[in-house]
Amino acid sequence: MPPLLLTLQLIIFFMIVVLPQTPQHLPMAERGEGIQVQPPQISRHSNPKPTSRGGSVEQVPYMTARIFKSQFTYTFSVSPGPKFLRFYFYPAVYSGINESDFFLTVTSGVHTLLSNFSASLTVAAMEPQVDSMVKEFIIHVWENQTSLNITFSPSPSFYAFVNGIEVCSMPNNLYIRGDSEPIPLVGANYLICVDNYTTLETIYRLNVGGASFE
């Protein structure tokens, strides 16, 4: 089977809530709204801000960052079901720490979402050129779960950082339908099954609607 890239496009209306910076356990709305938060500071730096601002960078959530010198886990109280999970990154110099000094791994349960990730190198390689980026995933929260844990780990001799985290509920069976409802693969004559044990990453976005496309 060739490598599979799943593309996602969905419009969701959500409210933004900026939460306090000190609690480790950050609440999330139970009614399906997304929440964009700025995580607590876990280093000697106090609410660092970038030394410069790119022309395409928005004030929220990119104008502050949280820097980690050691592993740290966020705990979100959530309802069961699939969630959009988004991480916002603006690689810049924060409190004298160069953007090249940030390498991090992000995990949630058994899933590794980012491994030895550099936002600086990723943004530098993107076309067209951008100053900031969002990494988006779909992850399933099981019926017996009451929280979603997200762990940031800096690579050895480096720092980890994030500008914003967003957790947003999404409809069941939208992309992940299980073994009983296989999904046709575009351009192929076979079906694939994506179950709730699978975590998806958005690689490309296609606006679908109106005229047909091949």
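In short: position in the sequence shown from 1, add 73, done, that's my numbering. Note that the Cβ used here is the ideal one computed from N, Cα and C, for glycine as well. What you are looking at is a predicted structure, and each value in this text was computed from that prediction instead of being measured.
Element boundaries [alpha helix (DSSP H), containing residue i]
i      : result
LEU194 : 192-197
Buried or exposed (CB count within 10 angstroms, at least 16 for buried), residue i
i      : result
GLY169 : exposed
ASN280 : exposed
ILE276 : exposed
TYR24  : A query on residue 24 cannot be resolved here, the shown segment of the chain reaching from 74 to 287 and no further.
ILE256 : exposed
VAL151 : buried
LEU194 : exposed
GLU200 : exposed
VAL259 : exposed
ALA261 : exposed
PRO198 : It should be pointed out that residue 198 corresponds to Ala in this sequence rather than to Pro. Its Cβ having fewer than 16 others within 10 Å, ALA198 is exposed.
8 Å Cβ cutoff met for residue i and residue j
i      : j      : result
LYS208 : LEU177 : no
SER220 : THR148 : yes
ARG159 : PHE234 : no
PRO121 : MET136 : no
VAL130 : TYR167 : no
ASN171 : SER228 : no
PHE175 : PHE225 : no
Best match in the options for proximity to residue i [C-alpha to C-alpha]
i      : options                           : result
GLY237 : PRO121, PRO123, SER129 and VAL133 : VAL133
VAL183 : ARG278, TYR277 and THR271         : THR271
CYS266 : SER253, VAL259 and GLU274         : SER253
LYS156 : SER181, ALA192, ASP174 and ASN171 : SER181
TRP215 : GLY154, PHE145, PHE141 and GLU131 : GLY154
SER205 : HIS213, LEU247, SER191 and VAL259 : SER191
ASN269 : GLN202, PHE175, ILE211 and GLN144 : ILE211
LEU273 : LEU247, GLY260 and ALA261         : LEU247
ILE249 : THR146, HIS213, LYS142 and ALA197 : HIS213
SER143 : TYR161, ASN245 and VAL179         : VAL179
THR185 : ASN245, SER173, ILE223 and GLN218 : ILE223
Endpoints, beta strand (DSSP E) assigned at residue i
i      : result
TYR161 : 154-162
PRO134 : Premise fails: PRO134 lies in the alpha helix (DSSP H), 132-135, not in any beta strand (DSSP E).
GLY237 : 237-242
ASN222 : 220-227
TYR263 : First-last for TYR263: undefined, no H or E at that position.
ARG278 : Careful: ARG278 lies outside any beta strand (DSSP E) and carries neither H nor E.
GLU209 : 206-214
Coarse secondary structure for residue i, derived from DSSP in three states
i      : result
SER173 : helix
ILE249 : coil
PHE141 : strand
GLY182 : coil
PRO121 : coil
VAL189 : What sits at residue 189 in the sequence shown is Asn, not Val. Strand.
ALA165 : coil
PHE231 : coil
TYR147 : strand
PRO201 : coil
PRO257 : strand
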